[in-house]
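Q: Structure below; questions to follow.
There are 2 protein chains.
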Amino acid sequence: MSEFIHLRHKPYSQPATPNQLVLAIPQLRSNVNLARIARAAGCCGVKKIIACGNAKIDPKIARDSLDFLEVQRKRSLPPVLKELKSDGYRIVGLEQTTHSHNLHEYQFQMKSVLVIGHERLGMSESELALLDDSIEIPVFGLPLSYNVATATAMALYEYCRQWAQQSVSI
Amino acid sequence: MSEFIHLRHKPYSQPATPNQLVLAIPQLRSNVNLARIARAAGCCGVKKIIACGNAKIDPKIARDSLDFLEVQRKRSLPPVLKELKSDGYRIVGLEQTTHSHNLHEYQFQMKSVLVIGHERLGMSESELALLDDSIEIPVFGLPLSYNVATATAMALYEYCRQWAQQSVSI
Numbered sequence: 139m140s141e142f143i144h145l146r147h148k149p150y151s152q153p154a155t156p157n158q159l160v161l162a163i164p165q166l167r168s169n170v171n172l173a174r175i176a177r178a179a180g181c182c183g184v185k186k187i188i189a190c191g192n193a194k195i196d197p198k199i200a201r202d203s204l205d206f207l208e209v210q211r212k213r214s215l216p217p218v219l220k221e222l223k224s225d226g227y228r229i230v231g232l233e234q235t236t237h238s239h240n241l242h243e244y245q246f247q248m249k250s251v252l253v254i255g256h257e258r259l260g261m262s263e264s265e266l267a268l269l270d271d272s273i274e275i276p277v278f279g280l281p282l283s284y285n286v287a288t289a290t291a292m293a294l295y296e297y298c299r300q301w302a303q304q305s306v307s308i
Numbered sequence: 139m140s141e142f143i144h145l146r147h148k149p150y151s152q153p154a155t156p157n158q159l160v161l162a163i164p165q166l167r168s169n170v171n172l173a174r175i176a177r178a179a180g181c182c183g184v185k186k187i188i189a190c191g192n193a194k195i196d197p198k199i200a201r202d203s204l205d206f207l208e209v210q211r212k213r214s215l216p217p218v219l220k221e222l223k224s225d226g227y228r229i230v231g232l233e234q235t236t237h238s239h240n241l242h243e244y245q246f247q248m249k250s251v252l253v254i255g256h257e258r259l260g261m262s263e264s265e266l267a268l269l270d271d272s273i274e275i276p277v278f279g280l281p282l283s284y285n286v287a288t289a290t291a292m293a294l295y296e297y298c299r300q301w302a303q304q305s306v307s308i
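Next up, the structure:
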């Protein structure tokens, strides 16, 4: 008998401080990517997603993330990003830009909005203009870019890694 | 004009030390998950994947990861895990078990094999018996578990975060 016994359906961790990340997602090409992002966000304790367009989020993929987090529908991101900015959120774009921080070294403000880029087109000029920071995930091989849901999962992971440490220290 | 200008197709980073992570993947339920894992692994600079079964890796999803990394096909994982163990690799299972380390706090040995669990069944008893360590990603909401490709992406990210720091310091 192995020392490691497989566990299933552990309850989720109750952090000392609430997750204060908001995910802002443009109308994506693929609804599958949107649903995958919803599932990852729910697992990570994200409470609110802002999604553009009316694309259905497939519950077979998103699972019960849709019972956990609020999905706010918008026509476009800039107006809501401006509102969140005036509420004290830092607007952080996940995008390769001329001024990106390496995600490995980036320190998230707990109250942040993570803005995702479109699979093909990336972030629009009006979204880019509202960013406080841009972050990118280093690539060490091929292909030269991560799938959008994969990159989002990595950024969510990094936020949680930092936030969970905050939670413990408070 | 925004301070942030979108960049496309930046060449990948050349690390000072090679990525020494091997990914070991059982026969998964979904070939889409396998292909997504291949793409994320290629981006992360992983050189070798061991995949069980003959499932085709869809190049529309995996992109040119298949030109970058070697895919070794096996009937099952235990024999090749034993070989890699005797070659000095640490065998690390990505699985919720009775003795899992929190990925946030886990220090990877650079020469590691990351073993993935099946979507439904998790890791087999014979795979669990060969692990040196088991790691899990904390869940802070619903659903109670990450998709397998999402969890793998997060673990690959964490390895790269640690390994890239190694690369710089050498």
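Those sequence lines, one after another, are chains A and B. Be aware that the first sequence starts at 139, since it is given in the numbering used here, and climbs by one per residue. Be aware that the second sequence starts at 139, since it is given in the numbering used here, and climbs by one per residue. The beta-carbon is built from N, C-alpha and C at its ideal position, and this holds for glycine as well. These numbers come from a predicted model, not from an experiment.
1. Kindly indicate which residue of 276(A), 292(A) and 301(A) has the alpha-carbon position closest to the one of residue 148(B).
2. Can you tell me whether DSSP reads residue 190(A) as helix, strand or coil?
3. Starting from residue 141(A), find everything on chain B with Cβ-Cβ shorter than 7 angstroms and list it in chain order.
4. From the DSSP secondary-structure annotation, give me the bridge partner or partners of residue 238(B).
5. In three-state DSSP terms, what is residue 141(B)?
6. Mind checking whether residue 162(B) and residue 286(B) have CB atoms under 8 angstroms apart?
7. Please determine, among 170(B), 295(B) and 191(B), the residue with the shortest C-alpha to C-alpha distance to residue 242(A).
8. By the DSSP assignment, the alpha helix (DSSP H) with residue 166(B) in it spans what residues?
9. Note the first and the last residue of the continuous alpha helix (DSSP H) segment covering residue 204(A).
10. Would you verify that the beta carbon of residue 196(B) is, or is not, closer than 8 angstroms to some beta carbon of chain A?
11. Beta carbon of residue 167(A), beta carbon of residue 257(A): below 8 angstroms?
12. Do residue 187(A) and residue 219(A) have their C-beta atoms within less than 8 angstroms of each other?
13. Cβ atoms of residue 290(A) and residue 143(A): under 8 angstroms apart, would you say?
14. Rounded to the nearest angstrom, how far is the Cβ of residue 245(B) from that of residue 300(B), given a contact under 8 angstroms?
15. Would you please verify whether the beta carbon of residue 280(A) is less than 8 angstroms from any beta carbon of chain B?
16. With residue 199(A) as the anchor, note down where its beta strand (DSSP E) starts and where it stops.
17. Name the DSSP bridge partner or partners of residue 228(A)?
18. Contact criterion: CB-CB distance below 8 angstroms. Does residue 190(A) meet it with respect to chain B?
A: Looking at the coordinates:
1. On the second sequence, residue 148(B) is found 10 positions in, with the first residue counted as 1. It is 276(A) whose Cα lies nearest to the Cα of residue 148(B).
2. Position 52 of the first sequence, counted from the first residue, corresponds to residue 190(A). If DSSP states are grouped into helix, strand and coil, residue 190(A) belongs with the strands.
3. Taking the first sequence and counting its residues from 1, the one referred to as residue 141(A) is at position 3. In chain order: 237.
4. Taking the second sequence and counting its residues from 1, one reaches residue 238(B) at position 100. Residue 238(B) is bridged to 272(B).
5. The residue you call residue 141(B) lines up with position 3 of the second sequence. In the structure shown, residue 141(B) sits in coil (DSSP, three-state: anything other than H, G, I, E or B).
6. The sequence position of residue 162(B) within the second sequence is 24, counting from 1. The sequence position of residue 286(B) within the second sequence is 148, counting from 1. Taking 8 angstroms as the Cβ cut-off, residue 162(B) and residue 286(B) do not qualify as a contacting pair.
7. Counting from one through the first sequence, the residue named residue 242(A) turns up at place 104. For the residues 170(B), 295(B) and 191(B), the minimum Cα distance to residue 242(A) belongs to 295(B).
8. The residue you call residue 166(B) lines up with position 28 of the second sequence. No alpha helix (DSSP H) contains residue 166(B), which DSSP labels as neither H nor E.
9. Taking the first residue of the first sequence as 1, we reach residue 204(A) at position 66. Taken as a continuous stretch (DSSP letters only), the alpha helix (DSSP H) holding residue 204(A) covers 203-206.
10. Counting from one through the second sequence, the residue named residue 196(B) turns up at place 58. No, residue 196(B) does not count as interfacial toward chain A.
11. For the purposes of this step, residue 167(A) is identified with residue 29 of the first sequence, where counting begins at 1. For the purposes of this step, residue 257(A) is identified with residue 119 of the first sequence, where counting begins at 1. It is a contact, given that the beta carbons lie within the stated cut-off.
12. Looking up residue 187(A) in the first sequence gives position 49. Looking up residue 219(A) in the first sequence gives position 81. Contact flag unset, no.
13. Here the question's residue 143(A) lines up with position 5 in the first sequence. Here the question's residue 290(A) lines up with position 152 in the first sequence. No, the Cβ-Cβ distance between residue 143(A) and residue 290(A) is not below 8 angstroms.
14. Mapped onto the second sequence, residue 245(B) falls at position 107. Mapped onto the second sequence, residue 300(B) falls at position 162. Sure, about 7 angstroms apart at Cβ, within 8 angstroms.
15. By 1-based counting over the first sequence, the position of residue 280(A) is 142. Yes, residue 280(A) counts as interfacial toward chain B.
16. Reading the first sequence from its first residue, position 61 is the one you call residue 199(A). Unbroken run through residue 199(A) is the alpha helix (DSSP H), 197-200; no beta strand (DSSP E).
17. The residue given as residue 228(A) occupies position 90 in the first sequence. Looking at the DSSP assignment, residue 228(A) forms a beta bridge with 250(A).
18. Position 52 of the first sequence holds residue 190(A). No, residue 190(A) lies away from the interface with chain B (no Cβ there is under 8 angstroms from its Cβ).
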